[in-house]
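Each number in the numbering used here comes from the position in the sequence shown (counting from 1) with 1 added on. All C-beta atoms, glycine included, are put in the ideal place defined by N, C-alpha and C.
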Amino acid sequence: MSEEFELDWLDMREPFDAMARSEALAQALIARLPARPRLLDLGAGTGSLFRWLAPRIGRAQAWTLVDQNREMTEAAFDTIADRAEQVGLKVTFPSRRTLLVHAPGGAWRVEALIADLADAPRNLPLHNMDAVVCSALCDLVSRGWLEGMAAALRLPFYATLNVDGRDRFLPPLPGDALVAQAFRRDQGRDKGFGGPALGPKAVAEMTRAFTERGFSVQAAASDWVLRGHGTGLLSELVFGHAEAALAQDRRHGARIRTWRERRLQQSAMGRLGARIGHKDVLALPPAAR
Ligand SMILES: C[S@@+](CC[C@H](N)C(=O)[O-])C[C@H]1O[C@@H](n2cnc3c(N)ncnc32)[C@H](O)[C@@H]1O
Numbered sequence: 002m003s004e005e006f007e008l009d010w011l012d013m014r015e016p017f018d019a020m021a022r023s024e025a026l027a028q029a030l031i032a033r034l035p036a037r038p039r040l041l042d043l044g045a046g047t048g049s050l051f052r053w054l055a056p057r058i059g060r061a062q063a064w065t066l067v068d069q070n071r072e073m074t075e076a077a078f079d080t081i082a083d084r085a086e087q088v089g090l091k092v093t094f095p096s097r098r099t100l101l102v103h104a105p106g107g108a109w110r111v112e113a114l115i116a117d118l119a120d121a122p123r124n125l126p127l128h129n130m131d132a133v134v135c136s137a138l139c140d141l142v143s144r145g146w147l148e149g150m151a152a153a154l155r156l157p158f159y160a161t162l163n164v165d166g167r168d169r170f171l172p173p174l175p176g177d178a179l180v181a182q183a184f185r186r187d188q189g190r191d192k193g194f195g196g197p198a199l200g201p202k203a204v205a206e207m208t209r210a211f212t213e214r215g216f217s218v219q220a221a222a223s224d225w226v227l228r229g230h231g232t233g234l235l236s237e238l239v240f241g242h243a244e245a246a247l248a249q250d251r252r253h254g255a256r257i258r259t260w261r262e263r264r265l266q267q268s269a270m271g272r273l274g275a276r277i278g279h280k281d282v283l284a285l286p287p288a289a290r
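So, in structure tokens, the structure goes:
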């Protein structure tokens, strides 16, 4: 069974993802791209990575957004068009499946590919690409999936926002360790990529898999730092951690529910903070160094 993601959740996290991604790693990727780069965005969702990276690339470029969920890619097209028009960029649709953002440095071409990434890389058009990119995906995949991808790629692989396990809610509360332990188990559930999800092991596994194949691999922190009022994101995180913990640890259900109530009260009073540890990873193949 593959994992379902809510449009609202992706919408809510987008500004925090945008603040968290490593600028240095993005620039290191961009420095390796050709004049008109073609990027394959795996698990693209509503196009959050495109909206962040395309203006940084700044020149003519072509993106293929891959997702299994057609509703996501439709929302991606709508959101990309809306946001581009909001900043005065013209948008055209040369075909039903292609969107063009007419930016000053050259057009940004966007297409969607509906595909189940469980079958990747064999169902991906890798031969037509200059880089494979993704955001908030590689902690969902299995070790076997990652091995298959690393073995197939001779292109830069750029994976942003992989959880690394350094999560902390503040101030400390009884129940934190219990919830964290059960949440960690949930992160290792099979998320539809042919085996247990890598979860916080994703960065170490990507580093190993690509280094073994001669890639040069860099990682940089891309944590969410959340404090006080500020968003439903803190409350959503509390709900998400508690729900995952309850699914994994029924024996301590009462303690987990108490933790959830206290954390939600703190959030409502603007007294909750959290750091959610992520890392971005850039793997460059030997020829592209
Ligand atoms: C955590 S969301 C990240 C979305 C987007 N990259 C972002 O950063 O906002 C993971 C995305 O991967 C997609 N996904 C999960 N499993 C998939 C699969 N087996 N095949 C294709 N897409 C998948 C989901 O539909 C979702 O859009």
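Coarse secondary structure for residue i, derived from DSSP in three states
{"i": "Ala289", "result": "Note that Ala289 scores 46 on pLDDT, short of 50, meaning its location in the model is unreliable and no value can be drawn from it."}
{"i": "Thr93", "result": "strand"}
{"i": "Val180", "result": "helix"}
{"i": "Arg185", "result": "helix"}
{"i": "Pro201", "result": "helix"}
{"i": "Ala255", "result": "helix"}
{"i": "Ala36", "result": "coil"}
{"i": "Ser268", "result": "helix"}
{"i": "Ala137", "result": "coil"}
{"i": "Ala121", "result": "coil"}
{"i": "Phe170", "result": "strand"}
{"i": "Asp79", "result": "helix"}
{"i": "Arg261", "result": "helix"}
{"i": "Arg71", "result": "helix"}
{"i": "Arg228", "result": "strand"}
Any non-hydrogen atom of ligand 1 within 8 Å of residue i CB
{"i": "Gly193", "result": "yes"}
{"i": "Cys135", "result": "yes"}
{"i": "Arg123", "result": "no"}
{"i": "Ala160", "result": "no"}
{"i": "Gln188", "result": "no"}
{"i": "Asp42", "result": "yes"}
{"i": "Glu112", "result": "no"}
{"i": "Cys45", "result": "Residue 45 is actually Ala in this sequence, not Cys. Yes, the Cβ of Ala45 comes within 8 Å of a heavy atom of ligand 1."}
{"i": "Ala132", "result": "no"}
{"i": "Ser49", "result": "yes"}
{"i": "Glu237", "result": "no"}
{"i": "Met73", "result": "yes"}
{"i": "Leu26", "result": "no"}
{"i": "Val218", "result": "no"}
{"i": "Asn163", "result": "no"}
{"i": "Glu353", "result": "No answer is possible for residue 353: the residues shown for the chain start at 2 and end at 290."}
{"i": "Ala116", "result": "yes"}
Range of the contiguous beta strand (DSSP E) that encloses residue i
{"i": "Gly274", "result": "Gly274 to Ile277"}
{"i": "Val88", "result": "It is not in any beta strand (DSSP E) - Val88 carries neither H nor E in the DSSP assignment."}
{"i": "Leu101", "result": "Thr99 to Ala104"}
{"i": "Val239", "result": "No beta strand (DSSP E) holds Val239; the alpha helix (DSSP H) holding it covers Gly233 to Gln249."}
{"i": "Leu112", "result": "One detail in the question is off: residue 112 reads as Glu in this sequence, not Leu. Glu112 -> beta strand (DSSP E) spans Gly107 to Ile115."}
{"i": "Leu41", "result": "Arg39 to Leu43"}
{"i": "Ala221", "result": "Ser217 to Ala222"}
{"i": "Arg190", "result": "Per DSSP, Arg190 belongs to no beta strand (DSSP E) and is neither H nor E."}
{"i": "Leu127", "result": "It is not in any beta strand (DSSP E) - Leu127 carries neither H nor E in the DSSP assignment."}
Min CB distance residue i to chain C below 9 Å
{"i": "Leu162", "result": "Looking at the structure shown, chain C is missing, and only one protein chain is on hand."}
Any non-hydrogen atom of ligand 3 closer than 8 Å to residue i Cβ
{"i": "Thr80", "result": "Within the structure as shown, ligand 3 is missing, the only ligands being ligand 1."}
7 Å CB neighbourhood of residue i in its chain, flanking five on each side removed
{"i": "Trp351", "result": "In the structure as shown, the chain starts at 2 and stops at 290, and residue 351 therefore has no counterpart that could be examined."}
{"i": "Asn129", "result": "Arg39"}
{"i": "Arg71", "result": "Ile115"}
{"i": "Arg263", "result": "Leu174"}
{"i": "Ala132", "result": "Leu30, Leu34, Pro38, Leu40, Leu156, Pro157 and Tyr159"}
{"i": "Thr80", "result": "Thr47 and Gly48"}
{"i": "Arg228", "result": "Gly274"}
{"i": "Ala289", "result": "Residue placement at Ala289 cannot be trusted, given a pLDDT of 46 that sits under 50; what the coordinates show is reported in the next sentence. The residues are Arg33 and Pro157."}
{"i": "Phe94", "result": "Leu100"}
{"i": "Leu285", "result": "Arg33, Pro157, Phe216 and Ser217"}
{"i": "Gly145", "result": "Gly195 and Gly196"}
Unbroken alpha helix (DSSP H) run spanning residue i, endpoints
{"i": "Asp68", "result": "Asp68 -> not in any alpha helix (DSSP H); beta strand (DSSP E) instead, spanning Gln62 to Asp68."}
{"i": "Phe158", "result": "That residue, Phe158, is in no alpha helix (DSSP H); its beta strand (DSSP E) goes Phe158 to Val164."}
{"i": "Phe51", "result": "Ser49 to Ile58"}
{"i": "Phe17", "result": "Leu8 to Ala21"}
{"i": "Leu147", "result": "Arg144 to Ala153"}
Integer-rounded CB distance, given that residue j should sit under 8 Å from residue i
{"i": "Val226", "j": "Val282", "result": "Going by Cβ atoms, the distance from Val226 to Val282 rounds to 20 Å, so no, they are not a contact pair."}
{"i": "Asp140", "j": "Ala198", "result": "6 Å"}
{"i": "Asn163", "j": "His279", "result": "6 Å"}
{"i": "Leu179", "j": "Arg256", "result": "6 Å"}
{"i": "Leu66", "j": "Cys135", "result": "Not quite, the Cβ-Cβ distance comes to about 11 Å (not below 8 Å), so this is no contact."}
{"i": "Leu127", "j": "Ala153", "result": "6 Å"}
Neighbourhood of residue i by C-beta, 6 Å cutoff - its chain only, sequence neighbours within 5 removed
{"i": "Ala55", "result": "Trp109"}
{"i": "Gly59", "result": "Gly106"}
{"i": "Leu11", "result": "Gly46 and Thr47"}
{"i": "Gly215", "result": "Pro287"}
{"i": "Gln69", "result": "Asp117"}
{"i": "Glu7", "result": "none"}
Close-in-space but distant-in-sequence residues of the same chain around residue i (CB under 8 Å, 5 per side omitted)
{"i": "Arg1", "result": "In the structure as shown, the chain begins at 2 and stops at 290. Residue 1 is therefore absent and cannot be evaluated."}
{"i": "Met13", "result": "Thr232, Gly233, Leu234 and Glu237"}
{"i": "Glu86", "result": "Val92"}
{"i": "Glu4", "result": "Leu141, Lys192 and Gly193"}
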